[in-house]
């Protein structure tokens, strides 16, 4: 799996959590937010977003003001699953550990991660790799710690102690290893070639205790919507996608969408054309993306068709073939085969 970098804006809650850590250590707000263009009021505002660059500036200020050993572990342990909104719920309701990892990386842009994150599988182990080479050197250890501790928190809240992962860090052992042992349950390896979270391939097939295909489908669809409206479309196309994805069972006609956006249908078409897209194309993009997410989440073809507003499955099957060049059942088999190629082989 390729390395994933998150360049989209992210919710400001991640910076708000960093501000809590800073406040507890007496770091003045002016120093914490210097050069970021942010303030405590701004990051605590409901629905606020920040850029990755702004968050990275705040991290650099925190590390500079408070060079406390294992501070990243302190910060990362505050990132509970509930802090991630629909992304966290989608992971929690996924059927298996492997599917949760797939989904988590697919929608990584909805998280607070600043490390590069990739997934690797060998014959004897699977691993999440946390890359920090693109980050300013003073922030690398803190962010590796933060991301690893946040993943450890997710692990506890999703599977408890049922799954075991080994943690390794690409930096020297600390003078006091106790915070690491407390955070990860055992002492991680240090001076490793890379920072990794690894385990046996059997873990991928492990069922999750709160798996629920209905909740998974709904939360994954919301992840898809959130990421789609922040994708590299023009401004109006993003607004149209957001409108379409709000009610997938009854996507509005172009005249209704135009009225909702306080435009004429003619103006809407013209402005979308200026953004190198069109209304029908956006409808197809929204439906195709949601269809894939519903099918992967375990919904039947009939239920997926119903949720997308089709009166009969046949119409949906025909449309899906036009979008993806295959039937929904073939797509599901293909995805199952792809997942199976990553699952452990027993002989």
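Numbering (the working numbering), first residue to last: 11 to 357.
We put the CB at the ideal spot given by N, CA and C, even for glycine.
On a predicted model such as this, the values are computed, not experimentally measured, just so you know.
Out of the options, state which residue places its alpha-carbon closest to the alpha-carbon of residue i.
{"i": "residue 175", "options": "148, 136 and 145", "result": "136"}
{"i": "residue 358", "options": "75, 63, 322 and 50", "result": "Nothing about residue 358 can be read from this structure; the chain reaches only from 11 to 357."}
{"i": "residue 9", "options": "129, 204 and 93", "result": "This structure cannot speak to residue 9, because the chain is shown only from 11 to 357."}
{"i": "residue 50", "options": "153, 31 and 313", "result": "31"}
{"i": "residue 233", "options": "310, 300, 91 and 122", "result": "300"}
{"i": "residue 110", "options": "34, 223, 267 and 23", "result": "223"}
{"i": "residue 271", "options": "337, 95 and 247", "result": "247"}
{"i": "residue 313", "options": "215, 294 and 339", "result": "339"}
{"i": "residue 46", "options": "99, 68 and 211", "result": "68"}
{"i": "residue 185", "options": "259, 289, 79 and 43", "result": "79"}
{"i": "residue 225", "options": "63, 101, 41 and 235", "result": "101"}
{"i": "residue 343", "options": "318, 191, 287 and 308", "result": "308"}
{"i": "residue 77", "options": "152, 284, 87 and 93", "result": "152"}
{"i": "residue 304", "options": "328, 341 and 145", "result": "341"}
{"i": "residue 95", "options": "146, 131, 42 and 22", "result": "22"}
Buried or exposed: which applies to residue i, given that a residue is buried once 16 or more other Cβ atoms fall within 10 Å of its Cβ?
{"i": "residue 65", "result": "buried"}
{"i": "residue 57", "result": "exposed"}
{"i": "residue 198", "result": "buried"}
{"i": "residue 71", "result": "buried"}
{"i": "residue 12", "result": "The pLDDT assigned to residue 12 is 30, lower than 50, so where the model puts this residue is not dependable, and the model offers no usable value."}
{"i": "residue 189", "result": "buried"}
{"i": "residue 123", "result": "buried"}
{"i": "residue 230", "result": "buried"}
{"i": "residue 336", "result": "exposed"}
{"i": "residue 286", "result": "exposed"}
{"i": "residue 245", "result": "exposed"}
How big is the Cα-Cα spacing for residue i and residue j?
{"i": "residue 26", "j": "residue 89", "result": "11 Å"}
{"i": "residue 149", "j": "residue 142", "result": "9 Å"}
{"i": "residue 202", "j": "residue 60", "result": "33 Å"}
{"i": "residue 446", "j": "residue 133", "result": "Residue 446 is absent from the model: the chain starts at 11 and stops at 357."}
{"i": "residue 97", "j": "residue 120", "result": "7 Å"}
{"i": "residue 354", "j": "residue 126", "result": "With a pLDDT of 43 at residue 354, under the threshold of 50, the modelled position of that residue is not reliable, and the figure given next carries that caveat. If you take the alpha carbons of residue 354 and residue 126, they lie about 25 Å apart."}
{"i": "residue 117", "j": "residue 330", "result": "22 Å"}
{"i": "residue 169", "j": "residue 193", "result": "16 Å"}
{"i": "residue 214", "j": "residue 106", "result": "7 Å"}
{"i": "residue 220", "j": "residue 91", "result": "13 Å"}
{"i": "residue 273", "j": "residue 293", "result": "18 Å"}
{"i": "residue 114", "j": "residue 179", "result": "21 Å"}
{"i": "residue 73", "j": "residue 187", "result": "19 Å"}
{"i": "residue 302", "j": "residue 84", "result": "38 Å"}
{"i": "residue 55", "j": "residue 289", "result": "33 Å"}
{"i": "residue 196", "j": "residue 205", "result": "16 Å"}
{"i": "residue 155", "j": "residue 256", "result": "37 Å"}
{"i": "residue 29", "j": "residue 260", "result": "42 Å"}
{"i": "residue 295", "j": "residue 167", "result": "34 Å"}
{"i": "residue 252", "j": "residue 267", "result": "11 Å"}
{"i": "residue 347", "j": "residue 278", "result": "42 Å"}
{"i": "residue 282", "j": "residue 250", "result": "9 Å"}
{"i": "residue 99", "j": "residue 209", "result": "23 Å"}
{"i": "residue 318", "j": "residue 258", "result": "5 Å"}
{"i": "residue 52", "j": "residue 62", "result": "15 Å"}
{"i": "residue 182", "j": "residue 200", "result": "6 Å"}
{"i": "residue 235", "j": "residue 81", "result": "34 Å"}
{"i": "residue 171", "j": "residue 280", "result": "56 Å"}
{"i": "residue 211", "j": "residue 237", "result": "29 Å"}
What span of residues does the beta strand (DSSP E) with residue i cover, start to end?
{"i": "residue 190", "result": "Where residue 190 is concerned, there is no enclosing beta strand (DSSP E), although the alpha helix (DSSP H) it sits in stretches over 188-194."}
{"i": "residue 43", "result": "Element bounds for residue 43: not the beta strand (DSSP E) but the alpha helix (DSSP H), 39-43."}
{"i": "residue 205", "result": "205-209"}
{"i": "residue 131", "result": "126-131"}
{"i": "residue 176", "result": "176-178"}
Using a Cβ-Cβ cut-off of 6 Å (strictly less than) and excluding sequence neighbours within five positions of residue i, which residues of its own chain qualify?
{"i": "residue 228", "result": "none"}
{"i": "residue 311", "result": "323 and 338"}
{"i": "residue 39", "result": "50"}
{"i": "residue 298", "result": "333"}
{"i": "residue 14", "result": "Reliability of the predicted coordinates at residue 14 is poor, the pLDDT of 34 falling under 50, and the value obtained from them is presented with this limitation in mind. The answer, listed in chain order, is 115, 118 and 127."}
{"i": "residue 315", "result": "323 and 326"}
Within its chain, find whatever has a CB closer than 7 Å to the CB of residue i; leave out the 5 residues flanking it on each side and keep chain order.
{"i": "residue 207", "result": "137, 138, 158, 161, 175 and 177"}
{"i": "residue 345", "result": "306"}
{"i": "residue 104", "result": "110, 113, 218, 221 and 226"}
{"i": "residue 265", "result": "275"}
{"i": "residue 254", "result": "261, 292, 293 and 296"}
Comparing the CB of residue i with every heavy atom of the ligand SAH, is any distance shorter than 6 Å?
{"i": "residue 308", "result": "The model depicted lacks the ligand SAH and carries no ligand whatsoever."}
Who are the near neighbours of residue i in its chain, counting only those whose CB is closer than 8 Å to its CB and skipping five residues on each side?
{"i": "residue 34", "result": "none"}
{"i": "residue 173", "result": "107, 165, 209, 213 and 216"}
{"i": "residue 145", "result": "66, 124, 125 and 153"}
{"i": "residue 41", "result": "71 and 75"}
Can you give me the start and stop residues for the alpha helix (DSSP H) that residue i sits inside?
{"i": "residue 138", "result": "Unbroken run through residue 138 is the beta strand (DSSP E), 136-141; no alpha helix (DSSP H)."}
{"i": "residue 289", "result": "289-306"}
{"i": "residue 252", "result": "245-256"}
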